[in-house]
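Letter by letter, the sequence shown follows residues 133 to 706 in our numbering.
Using N, Cα and C, we set each Cβ at its ideal position, and we do this for glycine too.
The model shown is predicted, which means the values in this text are computed figures rather than measured ones.
Structure, as structure tokens:
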Amino acid sequence: MEPEMEDKTLELMCSLPRSLWLGCSSVAESLCALRCLQSLPTSRAHNQNLTVMESQNLTDDLSPKKTTVFKLGNGTLSGSRKRLSRATFEKEKEMCIQMFEQWSEADQVEFVEHLISRMCHYQHGHINSYLKPMLQRDFITALPARGLEHIAENILSFLDARSLCAAELVCREWHRVISEGMLWKKLIERMVRTDPLWKGLSERHQWEKYLFKNRTNEVPPNSYYHSLYPKIIQDIETIEANWRCGRHNLQRIQCRSENSKGVYCLQYDDDKIISGLRDNSIKIWDKHTLECLKILTGHTGSVLCLQYDDRVIVTGSSDSTVRVWDANSGEVLNTLIHHNEAVLHLRFCNGLMVTCSKDRSIAVWDMASATDISLRRVLVGHRAAVNVVDFDDKYIVSASGDRTIKVWSTSTCEFVRTLNGHKRGIACLQYRDRLVVSGSSDNTIRLWDIECGACLRVLEGHEELVRCIRFDNKRIVSGAYDGKIKVWDLQAALDPRAPASTLCLRTLVEHSGPRRTPSCSQIALTHLHVHLQIAGAFDVCQCVLGKLRSDWLRALSVPERSERNFLLVLISPV
Numbered sequence: 133m134e135p136e137m138e139d140k141t142l143e144l145m146c147s148l149p150r151s152l153w154l155g156c157s158s159v160a161e162s163l164c165a166l167r168c169l170q171s172l173p174t175s176r177a178h179n180q181n182l183t184v185m186e187s188q189n190l191t192d193d194l195s196p197k198k199t200t201v202f203k204l205g206n207g208t209l210s211g212s213r214k215r216l217s218r219a220t221f222e223k224e225k226e227m228c229i230q231m232f233e234q235w236s237e238a239d240q241v242e243f244v245e246h247l248i249s250r251m252c253h254y255q256h257g258h259i260n261s262y263l264k265p266m267l268q269r270d271f272i273t274a275l276p277a278r279g280l281e282h283i284a285e286n287i288l289s290f291l292d293a294r295s296l297c298a299a300e301l302v303c304r305e306w307h308r309v310i311s312e313g314m315l316w317k318k319l320i321e322r323m324v325r326t327d328p329l330w331k332g333l334s335e336r337h338q339w340e341k342y343l344f345k346n347r348t349n350e351v352p353p354n355s356y357y358h359s360l361y362p363k364i365i366q367d368i369e370t371i372e373a374n375w376r377c378g379r380h381n382l383q384r385i386q387c388r389s390e391n392s393k394g395v396y397c398l399q400y401d402d403d404k405i406i407s408g409l410r411d412n413s414i415k416i417w418d419k420h421t422l423e424c425l426k427i428l429t430g431h432t433g434s435v436l437c438l439q440y441d442d443r444v445i446v447t448g449s450s451d452s453t454v455r456v457w458d459a460n461s462g463e464v465l466n467t468l469i470h471h472n473e474a475v476l477h478l479r480f481c482n483g484l485m486v487t488c489s490k491d492r493s494i495a496v497w498d499m500a501s502a503t504d505i506s507l508r509r510v511l512v513g514h515r516a517a518v519n520v521v522d523f524d525d526k527y528i529v530s531a532s533g534d535r536t537i538k539v540w541s542t543s544t545c546e547f548v549r550t551l552n553g554h555k556r557g558i559a560c561l562q563y564r565d566r567l568v569v570s571g572s573s574d575n576t577i578r579l580w581d582i583e584c585g586a587c588l589r590v591l592e593g594h595e596e597l598v599r600c601i602r603f604d605n606k607r608i609v610s611g612a613y614d615g616k617i618k619v620w621d622l623q624a625a626l627d628p629r630a631p632a633s634t635l636c637l638r639t640l641v642e643h644s645g646p647r648r649t650p651s652c653s654q655i656a657l658t659h660l661h662v663h664l665q666i667a668g669a670f671d672v673c674q675c676v677l678g679k680l681r682s683d684w685l686r687a688l689s690v691p692e693r694s695e696r697n698f699l700l701v702l703i704s705p706v
């Protein structure tokens with residue numbers, strides 16, 4: 133085509149309505165239509181039926197394939213679809229591109245959509261293969277190039293461990309973003325914040341000191357956290373395997389005392405164990421050397437309940453008093469006299485303390501300091517001894533021998549509702565989030581929704597009074613006077629479709645024989661292990677089912693029925 137003719141052709145193409153081009157299924161057909169229009173007067177281009185007749189001098193360039201009809205206003209344009217030579221195709225393609233670029237974006241999209249609709253499936257596949265990589269953009273690489281590396285790090289920080297491993301292998305830039313962003317450290321920190329088991333492992337292994345710090349000189353490189361993660365997972369798998377199989381080591385050490393007749397309560401941490409005894413004393417043990425470090429005296433009755441933190445030890449006694457002790461020196465800092473009968477249970481947290489008593493009342497205390505404790509409110513409503521209390525920022529929960537659980541507002545101390553269902557007195561409970569788990573002398577365990585008061589599940593399996601209970605995110609551990617400690621599947625228990633036969637995962641300890649055999653009277657389930665207090669007619673056994681290394685948890689004493697001694701036993705899994 134001559135240059136002058138080419139310019140005229142382009143001018144004509146730009147002046148044509150889009151309706152002409154929308155009738156074409158390809159660029160070649162568009163060009164054929166254009167050639168036909170070039171041979172006609174302009175005034176007749178939009179209102180006549182035109183037949184495309186190829187010139188003789190184009191015979192060498194075009195080969196007929198099939199007849200096609202082009203719509204031109206009220207008329208039609210019929211012609212043959214030809215395959216152009218490469219040179220001609222490239223020249224005419226460039227002309228179409230120049231015209232295409234002069235349209236608006238909306239017109240361009242409409243035109244391309246029409247062309248695609250006229251193509252076959254095979255052509256669609258080619259177009260899809262071409263478009264797919266164009267639609268997949270590497271934003272992780274693009275963001276740092278625009279100074280937005282923190283956004284790329286934030287996006288990748290939501291990945292789990294498996295996905296983070298895969299992301300590191302995508303390319304060097306992704307690996308660099310993950311490494312410099314310390315994303316393995318952030319992943320471990322997220323797990324420690326949200327999972328009690330991870331938090332317990334971080335404290336026990338002492339790698340918590342490398343978390344939640346931003347200064348580069350205070351933390352190891354990202355590779356340290358990358359290698360640490362699989363070790364943590366291995367420890368967790370060991371814990372779960374021990375729970376499933378009940379594997380443990382039991383070691384016993386003799387610990388005789390003429391006056392000690394039983395242990396009613398205890399609490400422990402990585403360094404010490406504090407126990408409340410029937411002989412009115414509190415004993416503090418070194419968990420590593422297994423020696424009795426200190427004996428606190430002052431109560432005139434059995435020590436029935438206790439709780440401690442880094443600063444104070446708070447104890448409740450059958451002498452009706454609550455005493456506050458200095459955790460380091462053992463000095464008595466305060467004595468609270470309010471209840472008329474034995475203080476059966478207590479809890480304190482965040483400046484608030486709640487005590488309950490055999491006198492059927494619950495006392496709520498403001499605890500500004502160890503020496504500044506004032507009574508805020510007395511809660512009454514139970515018709516029998518209040519055996520146990522628990523609370524959080526929203527609710528105070530109390531359980532009584534009158535077969536009921538009562539819920540009170542923490543902020544106003546007003547009564548909220550009563551949970552009814554147990555057929556006999558309630559001996560124990562734990563409350564967390566909106567779940568309450570209670571154990572009763574009707575030999576059952578009940579799960580409650582505290583917000584609506586509904587009983588979600590009744591667990592049956594114990595043959596005598598359920599004396600102690602604790603739960604975490606996965607399981608419930610219960611101990612009863614039948615000498616059995618049972619582990620229950622919490623998630624299955626909350627599923628109404630789960631059969632009752634599948635709820636009890638394992639019976640960890642089971643004693644047989646006459647009624648005088650040991651029976652479990654207290655459990656403390658922590659991040660890594662469960663502490664069990666087993667009390668019998670002649671002796672008392674304290675057990676801890678721990679995890680990982682047996683040298684962390686060892687026996688403090690051994691039961692000898694003939695000698696009727698005080699004993700304390702710690703059990704650790706294999």
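| Query | Result |
| --- | --- |
| Secondary structure, alpha helix (DSSP H): runs of 4+ residues fully inside the stretch 223-266 | 237-249 |
| Outcome for Gly-257 when other beta-carbon atoms lying within 10 angstroms are tallied against a minimum of 16 | exposed |
| First through last residue of the beta strand (DSSP E) which encompasses Val-435 | 435-440 |
| Test item: CB-CB of Leu-409 and Gly-394 under 8 Å | yes |
| At least three beta-carbon pairs within less than 8 Å, the stretch 342-359 to the stretch 416-425 | no |
| Assigned secondary structure, Trp-747 (DSSP; H/G/I helix, E/B strand, else coil) | Given a span of 133 to 706 for the chain in the structure shown, any question on residue 747 remains unanswerable. |
| Nearest to Val-516 (by Cα), restricted to the options Asp-491, Ser-452, Gln-268 and Trp-620 | Contrary to the premise, residue 516 reads as Ala rather than Val in this sequence. Per the Cα distances, Asp-491. |
| Cβ-based neighbour list, Ser-506, same chain, cut-off 6 Å, excluding 5 preceding and 5 following | Asp-498 |
| For Thr-487 and Ala-474, believed in contact at Cβ under 8 Å, the rounded distance | That pair is no contact at about 11 Å. |
| Run of the alpha helix (DSSP H) containing Tyr-356, from where it starts to where it stops | 354-377 |
| Spatial neighbours of Ile-283 in its chain, beta-carbon cut-off 6 Å, leaving aside the 5 residues before and after | Leu-275 |
| Nearest to Ser-572 (by Cα), restricted to the options Glu-595, Ser-541, Glu-222 and Met-323 | Glu-595 |
| Cut-off 6 Å between Cβ atoms - residues of its own chain near Gln-230, not counting five sequence neighbours on either side | none |
| Where Ser-295 falls: helix, strand or coil (DSSP) | helix |
| Cα-Cα separation between Thr-639 and Ile-406, rounded to whole angstroms | 27 Å |
| Three-state class that DSSP yields for Gln-562 in the structure shown | strand |
| As assigned by DSSP and simplified to three states, the class of Thr-421 | coil |
| Environment of Ile-320 [buried if 16+ CB atoms lie within 10 Å] | buried |
| Closest by C-alpha distance to His-554, when choosing among Gly-533, Thr-544, Asp-565 and Arg-566 | Gly-533 |
| Alpha-carbon spacing of Glu-340 relative to Leu-315, whole angstroms | 16 Å |
| Distance CB(Val-590)-CB(Arg-599) smaller than 8 Å | no |
| Cβ-Cβ distance between Ile-414 and Leu-438 below 8 Å | yes |
| Alpha-carbon to alpha-carbon, Asn-374 and Asp-581 | 30 Å |
| Of the listed residues Lys-616, Lys-317, Glu-285 and Arg-322, nearest to Glu-305 (C-alpha basis) | Glu-285 |
| Buried versus exposed call for Asp-411 [16 or more other C-beta atoms within 10 Å across all chains shown] | buried |
| Closest residue to Leu-288 among Thr-273, Gly-279 and Ala-277 (Cα-Cα distance) | Thr-273 |
| Limits of the beta strand (DSSP E) - the one that Asn-349 falls within | Segment: none, Asn-349 is in no beta strand (DSSP E) and carries neither H nor E. |
| When Leu-484, Val-512, Ala-299 and Arg-509 are compared against Ala-500, the one with the closest alpha-carbon | Leu-484 |
| Limits of the beta strand (DSSP E) - the one that His-514 falls within | His-514 -> no beta strand (DSSP E), and no H or E assigned at all. |
| Backbone CA spacing between Leu-637 and Gln-268 [nearest angstrom] | 48 Å |
| Limits of the beta strand (DSSP E) - the one that Ala-586 falls within | 586-592 |
| Three-way DSSP call (helix, strand, coil) for Ile-582 in this model | coil |
| Bounding residues of the alpha helix (DSSP H) (the contiguous stretch that carries His-282) | 281-288 |
| Burial state of Val-521, where buried means 16 or more other Cβ atoms lie within 10 Å | buried |
| Assigned exposure category for Gly-615 - 16 Cβ within 10 Å defines buried | buried |
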